Structure formats: C-alpha cells, structure tokens
Ligand code: HEM
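Residue numbers (the working numbering): 16 to 148.
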C-alpha cells in the first residue's frame with residue numbers, strides 16, 4: 016500500500032455525512048455478524064434480510080444525525096420478541112459500536128454519535144427489560 020493510501024485509511028472523519036454513515040453501518044454490522052454474543056442474535060433473525068436491514072440502518076442514522084427524515088419506523092418495536100435479546104446484549108452492542116466509531120471519527124464526533132446510541136440503548140433496554148443500561 017502506498018503512503019497516501021495508508022494516510023487515507025487512517026484518516027478519521029471530522030464531519031458526519033451520508034457517505035461516512037454508510038461506512039459506519041457497513042463496518043458495524045460486519046463486526047456484529049462475527050461477534051460471539053451479538054452474531055447469534057442478529058444472524059438467525061436477519062438471515063436473507065440483511066440488505067434491507069442495512070439500508071434501514073443507514074436511513075435511521077441519517078435521520079438521527081443529519082435530520083434527513085429518511086427513516087420512519089418504530090425502532091423499539093423491531094426489538095420485541097427477538098430470540099436471544101437480553102439486557103447484557105446492549106452492553107455488548109455499545110462496546111462494539113464505540114470501537115467502530117473510534118476507527119472512523121475524530122473523538123468529539125465519535126463521542127456525540129455514541130451518546131445518541133447510548134440514549135437509544137437505554138430507552139430500549141428500559142422498555143424491554145425494565146433495566147436501563
Ligand atoms: C441488544 C442490542 C441490539 C440488538 C440485539 C438488536 C437487534 C436488532 C434486530 C434483530 C433488528 C431487526 C428486527 C427485524 O427486522 O426482525 C433490529 C432492528 C433495528 N434496530 Fe436494533 N438491536 C440492538 C440495539 C439497537 C440500538 C442500540 C439501536 C439504536 C441506536 C437499534 C436500532 C435499530 C433500528 C432502527 C432497527 C430497524 C427497525 C425497523 O424495522 O424499522 N438497535 N435490531
């Protein structure tokens with residue numbers, strides 16, 4: 016790899032765009048699929064439906080972070096009755112999401128996006144299990 020390519024590969028974003036949201040979502044769910052505790056929850060549930068999930072998640076984060084209005088749905092409802100769902104999975108999800116953010120964004124941007132994710136995780140966990148994370 017040339018020096019230029021290495022520099023580009025290591026560059027962290029200091030803005031949020033639909034282009035880097037797409038990379039975030041792709042990296043995160045690639046890691047989710049291989050994760051020892053998250054993979055077994057996501058993979059059976061989304062078998063054959065990953066493409067739609069990925070585009071939904073890009074729309075979701077675009078709406079949350081850029082107020083694009085591209086997502087309209089009921090995200091809490093999507094998590095009701097998913098086999099293997101447990102309060103601890105939110106901890107695993109947040110750790111993996113944080114790691115993905117740190118590889119992609121400058122710290123203030125990673126922190127801000129993480130804070131939004133944490134709010135959703137807290138609300139979902141509270142509503143599903145009566146236990147905020
Ligand atoms: C314990 C951690 C989590 C697990 C195991 C999980 C799992 C899933 C699964 C399996 C689906 C697809 C449901 C289906 O179509 O059958 C889904 C959808 C979704 N998840 Fe999560 N999720 C987690 C945490 C989160 C968090 C923290 C957020 C928000 C930051 C989030 C946002 C969404 C959204 C927006 C959808 C799409 C909802 C729709 O159908 O419109 N999830 N999740």
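The C-beta atom is built at its ideal place from N, Cα and C for all residues, glycine as well. Computed from a predicted structure; not experimentally measured.
Which partner residues of residue i appear in the DSSP bridge assignment?
i: residue 120; result: 28
For residue i versus residue j, is the C-beta distance shorter than 7 Å?
i: residue 98; j: residue 140; result: no
i: residue 37; j: residue 73; result: yes
Can you find a heavy atom of the ligand HEM that lies under 6 Å from the Cβ of residue i?
i: residue 56; result: yes
i: residue 47; result: no
i: residue 90; result: yes
i: residue 114; result: no
i: residue 93; result: yes
Using CA atoms only, rank isn't needed, just tell me which of the options is closest to residue i.
i: residue 91; options: 125, 126 and 105; result: 105
i: residue 43; options: 137, 143, 60 and 132; result: 132
i: residue 33; options: 60, 80 and 51; result: 80
i: residue 39; options: 144, 54, 120 and 126; result: 120
i: residue 56; options: 115, 116, 95 and 135; result: 95
i: residue 100; options: 78, 68 and 136; result: 136
i: residue 26; options: 54, 116, 127 and 50; result: 116
i: residue 29; options: 46, 70, 124 and 83; result: 124
Quick check: what's the CA-CA separation for residue i versus residue j?
i: residue 143; j: residue 108; result: 15 Å
i: residue 61; j: residue 138; result: 22 Å
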